[in-house]
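Let me begin by presenting the structure, written as structure tokens, before commenting on it.
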Amino acid sequence: MKKHLATLSLLTLLAPLGACGGSDSGDTTITVLAASSLTETFTQLADQFEKDHPGVTVKLSFDSSATLAQQAVDGAPGDVLATADTSTMDTAQDALASDPKVFATNTMVLVTPADNPAGITGFQDIEQGGVTYVVCVPTAPCGKVAAALLDDNGVQAKPASQEVDVKSVLAKVTSDEADAGFVYTTDARAAGDAVETFEIPQSADEPTSYPIATLDQSKESDLAQEFVDLVTSSDGQAVFTAAGFGTP
């Protein structure tokens, strides 16, 4: 009887250890902080990464680049950071574990709702009386590009509002809350028939470059680097090209 009790006690002691070991089932999560204009492409790449790495989940956190860079500096959970311009990435320098690599470029266009209620026929029409247009906040890369283009083209009309990121600008337009908005070429393409698109003069002279880097606080540095490698690989570049991004 004592022998059975001893065996039972041993099993009781080992059970928690077994449970602890069982929690390491190979399920791992990496968190990628990415500019909102990367939503479609990074979602596609994350799906591919998960297929190539069974048991690994890629958690995507999309927001304005400035917000994400500050989160990285503040030590928020994250393994990879991808921003919509190099200057914003520079502000997160102290949080980076690797040198940033530029993996794509983008340019800006003007979009209107599909039914174009203001009757806009070109970029110059945003200065017409009664036309409301929206841009990103000045701290966001999309806001910096928009400001440069407004200056380049001598536009005096002020935007009706400044949104936190490019997806918010697009939402204002597609919901008919604005007559027009400044968004990236890729966002206009992703919106499809929901918008009408117009070229912005000198847009090609104001491209934005997208850098990516691993973060110091990453607890999965090898996987983080592998995700960066996928983004910068020929397979990754094919995804960006298909979405309308330019090459580095």
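Going by my numbering, the sequence shown wraps up at 1414, each residue one higher than the last.
Glycine included, C-beta positions come from ideal geometry on N, C-alpha and C.
Output needed for residue i: all residues of its chain with C-beta closer than 7 Å, excluding positions within five of it in sequence on either side, in chain order.
i	result
Asp1260	Val1239
Ala1360	Ala1280, Thr1340
Ala1232	Thr1254, Thr1305, Ala1306
Leu1226	Val1198, Ala1200, Phe1208, Thr1209, Ala1212
Pro1367	Phe1289, Asn1319
I need the straight-line Cα distance from residue i to residue j, nearest angstrom please.
i	j	result
Gln1322	Ser1341	25 Å
Leu1200	Asp1281	The sequence shown places Ala at residue 1200, rather than the Leu named in the question. About 31 Å.
Asp1371	Thr1195	39 Å
Leu1211	Leu1396	8 Å
Glu1216	Ser1264	22 Å
Pro1414	Pro1283	37 Å
Ser1387	Cys1308	30 Å
Gly1236	Pro1243	For the record, residue 1236 in the displayed sequence is Gln; it is not Gly. When rounded, the distance between both Cα atoms is 12 Å.
Phe1393	Ala1354	26 Å
Gly1295	Asp1317	19 Å
Thr1398	Ile1286	38 Å
If you compare alpha carbons, which of the options is closest to residue i?
i	options	result
Phe1348	Val1275, Ala1370, His1219, Ser1399	Val1275
Gly1358	Pro1279, Thr1380, Val1297	Pro1279
Ser1253	Asp1401, Ala1354, Ala1360, Pro1304	Pro1304
Pro1325	Asp1291, Asp1265, Ala1248, Ala1242	Asp1291
Thr1380	Leu1247, Gly1296, Val1405	Leu1247
Pro1373	Val1405, Glu1343, Ala1313, His1219	Ala1313
Phe1269	Pro1283, Ile1286, Ala1250, Thr1287	Ala1250
Phe1228	Val1222, Val1198, Val1405	Val1198
Glu1365	Val1224, Ala1258, Gly1288	Gly1288
Pro1377	Gln1214, Ala1356, Ala1258, Gly1241	Ala1258
Lys1333	Ala1404, Thr1398, Val1277	Val1277
Ala1356	Pro1367, Asn1319, Phe1406	Phe1406
Which first and last residues belong to the alpha helix (DSSP H) in which residue i is found?
i	result
Pro1307	1307-1318
Thr1327	Reading off the sequence shown, one finds Ser at residue 1327, where the question assumed Thr. Run containing Ser1327: none in the alpha helix (DSSP H); it sits in the beta strand (DSSP E), 1327-1329.
Gly1402	1400-1409
Leu1234	1231-1239
Report all residues from its chain with a CB closer than 6 Å to the CB of residue i; omit the five preceding and five following residues, and keep chain order.
i	result
Ser1230	Ala1306, Val1330, Asp1331
Val1327	Correcting the residue type first, residue 1327 is Ser in the shown sequence and not Val. Cβ within range, chain order: Val1300.
Ser1384	Asp1245, Ala1390
Asp1382	Ala1261, Ala1263
Leu1234	Leu1199
Tell me which same chain residues have a C-beta within less than 8 Å of the C-beta of residue i, skipping the five on either side of it?
i	result
Thr1352	Ser1203, Glu1206, Thr1207, Asn1272, Ala1409, Gly1410, Phe1411
Ser1369	Thr1273, Met1274, Val1275, Leu1315
Lys1338	Val1300, Ser1327, Glu1329, Ala1344, Gly1347
Gln1391	Ser1264, Thr1380
Around the Cβ of residue i, are there at least 16 other Cβ atoms within 10 angstroms (buried) or fewer (exposed)?
i	result
Ser1375	buried
Gly1188	Residue confidence is low: Gly1188 scores 34 on pLDDT, short of 50, so the model does not pin down where it sits. No coordinate-derived value is stated.
Ser1400	exposed
Asp1218	exposed
Pro1266	buried
Gly1402	buried
Ala1404	exposed
Just curious, the beta strand (DSSP E) that residue i is in, first and last residue?
i	result
Thr1197	1194-1201
Asp1382	Run containing Asp1382: none; DSSP gives neither H nor E here.
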